[in-house]
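The block underneath contains the structure these notes are about, expressed in C-alpha cells.
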Amino acid sequence: MMVALAVLGLVLGFWARQVLMDDAMITFRVAENLAYGRGFVYNPGERVQVTTTPLYTILLVPGIWLLGSAPRAALALNLALAALIPVLAYDAGRRMAGWLTGLTGALLLAASPFLVLAFSMEGYLYVALILASFDAYLARRNLLAGVLVGLTALVRGDGALLAASLAGYDLLAHRRLRWRLILPAAAIPALWYLFALVYFGSPFPATLAAKTAQGEFNWLRRNFLEGAADFIDHWTRNRDTRLYWLFPGFLVIGLLRAVWKERRWFILVGQAALYTAAFTALKVPAAEWYYAAVMPAAALLTACGIQTAADLLARPASTRLRPYLSAAAGLLATLPLLALMLPATAMVIAGHPDWKARAYPPVARWVASHTSPAATLATIDIGHIGYWSRRHIIDIVGLAQPDVAPAIARGDFGYAIRHYQPDLILLGYLWLSEVQQSDWFRAAYAPRQLFKGEGMDQPLVLFSKRQGVKVQPDLPPDAEVTPLAVDFNRQARLTGYHLTGPLRPGQTARLTLVWQVDAPLAVDFTVFVQLVDGQNRIVAQGDGKPQNGFYPTTFWQAGETVIDAHTLNLPADLPPGRYSLLVGLYEAGSGARLQILDETGKFKSDHVRIEGVVVQAP
211 MMVALAVLGL
221 VLGFWARQVL
231 MDDAMITFRV
241 AENLAYGRGF
251 VYNPGERVQV
261 TTTPLYTILL
271 VPGIWLLGSA
281 PRAALALNLA
291 LAALIPVLAY
301 DAGRRMAGWL
311 TGLTGALLLA
321 ASPFLVLAFS
331 MEGYLYVALI
341 LASFDAYLAR
351 RNLLAGVLVG
361 LTALVRGDGA
371 LLAASLAGYD
381 LLAHRRLRWR
391 LILPAAAIPA
401 LWYLFALVYF
411 GSPFPATLAA
421 KTAQGEFNWL
431 RRNFLEGAAD
441 FIDHWTRNRD
451 TRLYWLFPGF
461 LVIGLLRAVW
471 KERRWFILVG
481 QAALYTAAFT
491 ALKVPAAEWY
501 YAAVMPAAAL
511 LTACGIQTAA
521 DLLARPASTR
531 LRPYLSAAAG
541 LLATLPLLAL
551 MLPATAMVIA
561 GHPDWKARAY
571 PPVARWVASH
581 TSPAATLATI
591 DIGHIGYWSR
601 RHIIDIVGLA
611 QPDVAPAIAR
621 GDFGYAIRHY
631 QPDLILLGYL
641 WLSEVQQSDW
651 FRAAYAPRQL
661 FKGEGMDQPL
671 VLFSKRQGVK
681 VQPDLPPDAE
691 VTPLAVDFNR
701 QARLTGYHLT
711 GPLRPGQTAR
721 LTLVWQVDAP
731 LAVDFTVFVQ
741 LVDGQNRIVA
751 QGDGKPQNGF
761 YPTTFWQAGE
771 TVIDAHTLNL
781 PADLPPGRYS
791 LLVGLYEAGS
801 GARLQILDET
811 GKFKSDHVRI
821 EGVVVQAP
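Following our numbering, the numbering of the sequence shown begins with 211 at its first residue and continues without gaps.
And the structure:
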C-alpha cells in the first residue's frame with residue numbers, strides 16, 4: 211500500500227513540476243549564495259535574513275552541488291517529498307482511525323490543489339514534517355517527535371504553532387508535559403535564532419515585517435481567509451456546487467468523531483486553527499503557498515469523517531461483512547471528492563508557469579547581459595528578476611531591506627527608490643503610477659527600455675539614472691566587425707563597426723560602434739550617424755546618446771570598451787545605390803563636434819566616413 215501511494219505521489223509531483231512561484235526564486239538565490247561561499251544572504255555582502263525558510267534553504271545546498279542549480283535541486287527534493295507525503299499521511303491516518311482513513315486522507319492530500327500550489331516552495335517539506343511529527347507522536351517516539359517538531363519550526367517560524375498545539379494537548383488531556391519532546395522542539399529553533407541574531411543582527415526575517423506592513427496597507431487587497439475563498443470560488447465557478455458540500459460535511463463528521471472518540475485529532479486541528487488565526491490576525495496578504503500547512507488536518511479529518519460515515523452505513527450488516535461494506539462505502543464516497551478536486555488541481559497546474567515565470571526571466575537575462583555587474587536594480591517582484599539578473603537588488607516593498615517596511619505601512623512606496631537611489635528600476639508600465647509621475651522620480655530617472663512580457667497586459671519599463679548606467683549590447687562576432695582606428699581627440703577611439711545587411715528601402719539598419727576610451731570626457735556628447743548620398747545629402751539618420759541614453763560620455767572610464775548601437779530607418783522611396791555613413795560626436799547644445807586627430811596629433815576631420823554602403827532594390 212505504501213509503495214503504491216509513494217508512486218502515486220511521485221506521479222502527482224511530476225505532474226505539478228511546472229509550478230514555480232516567484233518567491234521560490236528568492237530562496238533559490240540565497241541557497242546558491244550559501245552553496246558557493248557567498249554567505250547566507252540574498253545580496254552578497256548584505257547580511258539581511260531574506261528567506262523565511264532556513265531549513266529548506268540548507269537542504270538545497272547539496273542538491274546545488276550535485277545538480278548545478280537551486281531550481282534543479284528543489285525539483286528533485288520536492289519530487290521526493292511528493293512521494294513521501296501520502297505515505298506519511300497514510301500512516302498517521304491508519305494509527306488514528308484505521309487504514310481507510312489513512313488511504314483516503316493520503317489520496318485527498320496528495321491531490322489537493324492547495325498543496326500543489328506550494329510545489330516549488332517550502333510547503334511540501336513543511337507538510338511532510340508536520341505529518342512526520344504527528345506520526346512520531348502517535349508512535350510515542352517522543353524524542354524523535356521533538357526533533358521533527360523543531361525541524362518543522364526551522365522550515366518556517368510558524369512551525370512553532372505545531373509545538374504549541376502538541377504541548378497544549380498534552381497539558382489539557384494528560385495534565386503533563388513531555389520534556390523529551392519539548393526540549394529538542396525548543397532547542398533546535400532556538401539555536402537558529404541565536405545564529406540569526408549574531409549573523410543578521412535580528413532573529414526574525416526581514417520578510418516578516420515586510421509582509422505585515424503590506425497587510426497593514428492592504429497591498430494585495432485580500433487577507434488569508436479572503437484568499438482561500440477566492441481560490442475556491444475560482445475553482446468552482448460555472449460548476450454545480452452542491453456536491454462540494456461533501457467536503458465540509460465529512461470534515462464536520464470527522465471533528466465530531468474527534469470530540470466523541472479520538473481527541474488526539476485536536477493536535478492537527480489546533481495546529482491548523484492556530485495557523486489560520488495567526489495569519490488572519492497579522493493581516494498578512496494572501497499568497498498561494500500559505501494554505502498547504504492546513505491541508506494535513508483538512509485531508510485527514512475529512513478522511514476520518516468518510517470512515518465514520520462508512521462505518522455507520524455498514525453497521526446493520528453482519529460482523530463478517532461489515533469491514534468490507536465499510537471499505538467499499540468509504541472508497542465510493544472518496545471517488546466523487548477526488549473527481550471534484552482533480553479538475554481544480556489541473557487548473558492550478560495549467561496556469562503554470564505563471565506570467566511571472568514567463569515574463570521575468572528573459573528580462574532579467576537581458577539585464578544580466580547588458581548592464582554593469584555593479585549596477586543596483588530596484589523592482590517589486592524580486593524572485594525571478596533577482597535570480598536571473600544577478601544584480602544587487604533593492605526591493606521596493608521591503609523584503610530585502612528591513613528599513614523599507616515601515617514606509618510601506620505608511621503607504622510610501624517611493625521610499626526605497628529615494629533612499630537607496632538604485633541605478634536601474636524595473637516596473638510595469640502602470641505600476642506605482644504616483645511614484646513614476648512624481649517630479650523627483652522624473653528628475654532622477656528616465657525610461658530606457660520597454661519589454662513586452664509574455665502573459666502581461668502591460669509592458670515592463672526599465673528606468674535608469676539620468677546620470678548614466680553602463681549597458682553592454684550584444685557585440686557581433688569578431689569576424690563581422692570591420693576594424694577602424696579613428697582617434698577622437700586622444701579621448702576615445704572608434705576601433706570597429708558592424709552594419710547589418712543587406713540594406714533595402716523601407717527597412718531598418720542597425721549600426722554597432724565599438725569605442726575604446728582613453729581619457730575622461732567632460733562633455734555629454736551625442737553620437738551622430740548619418741546615411742548620405744553622393745551629394746552628401748542626409749537620407750537617414752540615427753543620432754542618440756550612447757547606449758540609448760543609458761551611458762553618457764561623461765561617465766565613460768579610461769580603459770573600458772563601450773558597445774554602442776544605433777538604428778536607422780531607411781525611407782521606403784530610397785533609391786538603390788551606393789551611399790556613405792558619417793559617424794561622429796557632437797555637443798547637443800552648441801553643435802560643436804569632437805575633432806578627429808591624425809597620427810601626429812593634428813586636426814584631421816570632425817567625422818568618420820564609411821563608404822561603400824550599398825542599398826539594394828526591394
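All C-beta atoms in this analysis are idealised placements derived from N, C-alpha and C, irrespective of residue type, glycine included.
On a predicted model such as this, the values are computed, not experimentally measured, just so you know.
Item to complete: Jot down the residue ranges of each uninterrupted beta strand (DSSP E) in the stretch 720-751, minimum 3 residues, whole runs only, in chain order.
Response: 735-742, 748-751
Fill in: N- and C-terminal bounds of the alpha helix (DSSP H) containing Ile-463
Taking the first residue of the sequence shown as 1, we reach residue 463 at position 253. Element bounds for Ile-463: 456-470.
Practice prompt. On the DSSP bridge assignment, give the partners of Leu-637 in chain order.
Written response: Sequence index remark: in the sequence shown, residue 637 carries index 427 (1-based). According to DSSP, which records beta bridges pairwise, Leu-637 is partnered with Val-671.
Practice prompt. Take Glu-436 as the anchor and find which of Ile-606, Leu-634, Phe-489 has the nearest alpha-carbon.
Written response: Here residue 436 refers to the residue found at position 226 when the sequence shown is read from its first residue. Of the listed residues, the one whose Cα sits closest to Glu-436 is Phe-489.
Fill in: Reduced DSSP secondary structure (H/G/I, E/B, other) of Phe-623
Working through the sequence shown from its first residue, we reach residue 623 at position 413. Three-state result, Phe-623: coil.
Practice prompt. For Arg-467, I'd like the list of residues in its chain whose CB is within less than 8 Å of its CB, leaving aside the five on either flank, ordered along the chain.
Written response: Here residue 467 refers to the residue found at position 257 when the sequence shown is read from its first residue. Excluding residues within five positions, the ones whose Cβ falls inside 8 Å are Ala-307, Trp-475, Cys-514, Gly-515, Thr-518.
Worksheet item: Hey, how far is the Cα of Pro-553 from the Cα of Leu-382?
Response: Here the question's residue 553 lines up with position 343 in the sequence shown. Here the question's residue 382 lines up with position 172 in the sequence shown. Whole-angstrom Cα-Cα distance: 41 Å.
Worksheet entry | Member of Phe-414, Arg-257, Thr-512 whose CA lies at the smallest distance from the CA of Leu-317 | Reading the sequence shown from its first residue, position 107 is the one you call residue 317. That would be Thr-512, whose Cα lies nearest to the Cα of Leu-317.
Worksheet item: Does the beta-carbon of Gln-767 have 16 or more other beta-carbons within 10 angstroms, so that it is buried, or is it exposed?
Response: The sequence position of residue 767 within the sequence shown is 557, counting from 1. Exposed.
Discussion item. Count Cβ pairs between the stretch 216-231 and the stretch 377-393 that sit closer than 8 Å; are there 3 or more?
Written reply: no
Worksheet item: Which same chain residues, not among the five before or five after Val-365, have their C-beta less than 7 Å away from its C-beta?
Response: If you number the sequence shown from 1, residue 365 lands on position 155. Excluding sequence neighbours, Val-365 sits near Thr-263, Leu-265, Tyr-266, Glu-332, Leu-335, Tyr-336, Leu-339.
Worksheet item: If you compare alpha carbons, which of Ala-509, Arg-257, Tyr-597, Ala-280 is closest to Gly-315?
Response: Looking up residue 315 in the sequence shown gives position 105. For Gly-315, the nearest C-alpha among the options comes from Ala-509.
Discussion item. Here's the rule I'm using: 16 or more other beta-carbon atoms within 10 Å means buried, otherwise exposed. How should Gly-787 be labelled?
Written reply: Counted from its first residue, the sequence shown places residue 787 at position 577. Exposed.
Discussion item. Check whether the stretch 294-312 and the stretch 249-260 are in contact - that is, three or more C-beta pairs closer than 8 Å.
Written reply: no
Worksheet entry | Own chain residues within Cβ distance below 7 Å of Asp-622, not counting five before or after | Taking the sequence shown and counting its residues from 1, one reaches residue 622 at position 412. So the list is empty, once near-sequence residues are dropped.
Item to complete: Give the straight-line distance between the Cα atoms of Ile-820 and Val-793, rounded to the nearest whole angstrom.
Response: Counting from 1 along the sequence shown, the entry for residue 820 is found at position 610. Counting from 1 along the sequence shown, the entry for residue 793 is found at position 583. Taking the straight line from one Cα to the other gives about 8 Å.
Discussion item. Cutting at 7 Å between CB atoms, please list the residues of its own chain near Asn-253, excluding the five before and the five after it.
Written reply: Residue numbering aside, residue 253 sits at position 43 when the sequence shown is read from its first letter. Closer than 7 Å at the Cβ level, and outside the excluded window around Asn-253, lie His-602, Ile-603, Ala-610.
Worksheet item: DSSP state of His-562, grouped into three classes?
Response: Against the sequence shown, residue 562 aligns to sequence position 352. Looking at His-562 - three-state DSSP - the assignment turns out to be coil, as it is neither helix nor strand.
Practice prompt. Please confirm if Phe-738 has its CB atom under 9 Å from at least one CB of chain C.
Written response: The chain inventory of the structure shown lacks chain C, comprising one protein chain alone.
Worksheet item: Would you report the Cα separation of Ser-528 and Ala-520, rounded to the nearest angstrom?
Response: Here residue 528 corresponds to residue number 318 of the sequence shown, with the count starting at 1. Here residue 520 corresponds to residue number 310 of the sequence shown, with the count starting at 1. Roughly 14 Å separates the two Cα atoms.
Practice prompt. Keeping to the same chain, check which residues put their C-beta closer than 8 Å to that of Pro-693; ignore five residues upstream and five downstream.
Written response: Position 483 of the sequence shown, counting from 1, holds the residue named residue 693. Result list for Pro-693: Thr-705, Gly-706, in chain order.
Discussion item. Alpha carbons only, please: which of Gly-822, Asn-433, Phe-344, Ala-483 is nearest the one belonging to Leu-391?
Written reply: Counting from 1 along the sequence shown, the entry for residue 391 is found at position 181. Per the Cα distances, Phe-344.
Worksheet entry | Whole-angstrom distance between Val-479 and Leu-341, CA atom to CA atom | Taking the first residue of the sequence shown as position 1, residue 341 is located at position 131. Taking the first residue of the sequence shown as position 1, residue 479 is located at position 269. Straight-line Cα distance between these residues: approximately 13 Å.
Worksheet item: Does the Cβ-Cβ distance between Ala-321 and Leu-541 come in under 9 Å?
Response: The count along the sequence shown starts at 1 and reaches residue 321 at position 111. The count along the sequence shown starts at 1 and reaches residue 541 at position 331. No.
Worksheet item: Count the other CB atoms within 10 Å of the CB of Val-408; is the residue buried (16 or more) or exposed (fewer)?
Response: Locating residue 408 in the sequence shown gives position 198, counting from the first residue. Exposed is the call here.
Discussion item. Taking the alpha-carbon of Tyr-246 as reference, which of Phe-224, Asp-564, Met-235, Gly-273 has the nearest alpha-carbon?
Written reply: Walking along the sequence shown from the start, residue 246 turns up at place 36. Minimum Cα distance to Tyr-246 is reached at Gly-273.
Practice prompt. Tell me, to the nearest whole angstrom, how far the beta carbon of Asp-649 is from that of Ala-585; I am working on the premise that it is less than 8 Å.
Written response: Indexing the sequence shown from 1 puts residue 649 at position 439. Indexing the sequence shown from 1 puts residue 585 at position 375. Contact doesn't hold; Cβ gap of about 24 Å is too wide.
Worksheet entry | Local conformation of Asp-830 per DSSP, three classes | Given a span of 211 to 828 for the chain in the structure shown, any question on residue 830 remains unanswerable.
Worksheet item: Quick one: Cα of Ala-588 to Cα of Lys-814, how far?
Response: Position 378 of the sequence shown holds residue 588. Position 604 of the sequence shown holds residue 814. Cα-Cα distance, rounded: 45 Å.
Worksheet item: With 16 other CB atoms within 10 Å as the buried threshold, where does Pro-762 fall?
Response: Start at 1 with the first residue of the sequence shown, and residue 762 comes out as number 552. So Pro-762 counts as buried.
Worksheet item: If you check the beta carbons only, do Met-211 and Leu-313 fall under 9 Å apart?
Response: Start at 1 with the first residue of the sequence shown, and residue 211 comes out as number 1. Start at 1 with the first residue of the sequence shown, and residue 313 comes out as number 103. Taking 9 Å as the Cβ cut-off, Met-211 and Leu-313 qualify as a contacting pair.
Worksheet item: Would Leu-277 pass as a contact of Ala-286 if the rule is Cβ separation under 9 Å?
Response: Position 67 of the sequence shown, counted from the first residue, corresponds to residue 277. Position 76 of the sequence shown, counted from the first residue, corresponds to residue 286. Taking 9 Å as the Cβ cut-off, Leu-277 and Ala-286 qualify as a contacting pair.
Worksheet item: What residues in its chain sit with their C-beta under 7 Å from that of Trp-402, if we drop five residues either side in the sequence?
Response: Residue 402 sits at position 192 when you count from the first residue of the sequence shown. Within the same chain, Trp-402 has close Cβ partners Pro-264, Leu-364.
Discussion item. Which residue wins for smallest C-alpha separation from Pro-715, given the options Ala-782, Leu-269, Tyr-501, Ala-396?
Written reply: Position 505 of the sequence shown holds residue 715. Pro-715 has its Cα closest to that of Ala-782, out of Ala-782, Leu-269, Tyr-501, Ala-396.
Item to complete: Excluding the 5 residues preceding and the 5 following Ala-503 in the sequence, name in chain order all residues of the same chain whose CB lies nearer than 6 Å to its CB.
Response: The sequence position of residue 503 within the sequence shown is 293, counting from 1. If we look at Ala-503 and ignore the five residues flanking it on each side, its Cβ neighbours are Tyr-336, Tyr-485.
Discussion item. Using 8 Å for Cβ pairs, my map puts Thr-362 next to Leu-353. What's the rounded Cβ distance?
Written reply: Translated into positions along the sequence shown, residue 362 becomes position 152. Translated into positions along the sequence shown, residue 353 becomes position 143. Incorrect: roughly 15 Å between the Cβ atoms, too far for contact.
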